[in-house]
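The numbering of the sequence shown is the working numbering, which starts it at 16 and goes up by one. Think of the CB as a built atom: it goes at the ideal place given N, C-alpha and C, for glycine as much as any other residue. Read the structure below first, then the notes.
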Amino acid sequence: MKAIRRLMLESSGLITVALRRTYIETGSGNFRTDLAGLKSYRLDDTWLTSPWSHIEPAMAYQLGLPILILREKDVLEEGLLQKGVVGMYMPEFDLDGSTENYFDSPEWNDLIFKWEAQVRAVVDRKGLPPQLY
C-alpha cells in the first residue's frame, strides 16, 4: 500500500480498468442477513473484478485526483464501480465488441476530454504554493 500511495502522490490522475476476474456460477449476497432486515440477492452468472479496481480509485479519491473507471461488460456494478460514486464513469465496454464504436462514441469523447481537462488542472495546480484556505 505504501508503494501505491507513493505512486499516487506522483500522479496527476488515475484510470482504472475493471476486467472480469472471478466468475460466480451460483451464489447469493447478504447471505443469512434477514435477521438484520436485509434481504439476500442472487449473484448467479456474475463476474467480479480485482479488489485493486476498488482500492486504487479510493486512494486516488482521497488525494483529490481525477478518476476514470472503465468497467468490462458483466462485471458486478458495486462499490466504486457504481455509476456516479466517484464522479465520472465511462460506459461499460465489451471485449468482444467493436473498439472503433466504443472510442468513436460521443459519450467516450465527452468524458475522456473532461477527465483530461481535470488532469491538466491538477498538473497546473501542483506548481502553485499551498493555500491557507
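Under the DSSP assignment, TYR38 falls in the beta strand (DSSP E) whose first and last residues are 37 to 39.
For the beta strand (DSSP E) assignment, the uninterrupted runs of no fewer than 3 residues enclosed by the region 31 to 115 are, from N- to C-terminal side, 37 to 39, 61 to 63, 82 to 86. By the Cβ-count criterion, GLU71 is buried, with 16 or more other Cβ atoms from all chains shown falling within 10 Å of its own Cβ. LEU29 carries a strand assignment under DSSP once its states are collapsed to helix, strand and coil. For MET16, there is no enclosing alpha helix (DSSP H), as DSSP gives it neither H nor E. With respect to the 8 angstroms criterion, LEU85 and THR31 are classified as neighbours on the basis of their beta carbons.
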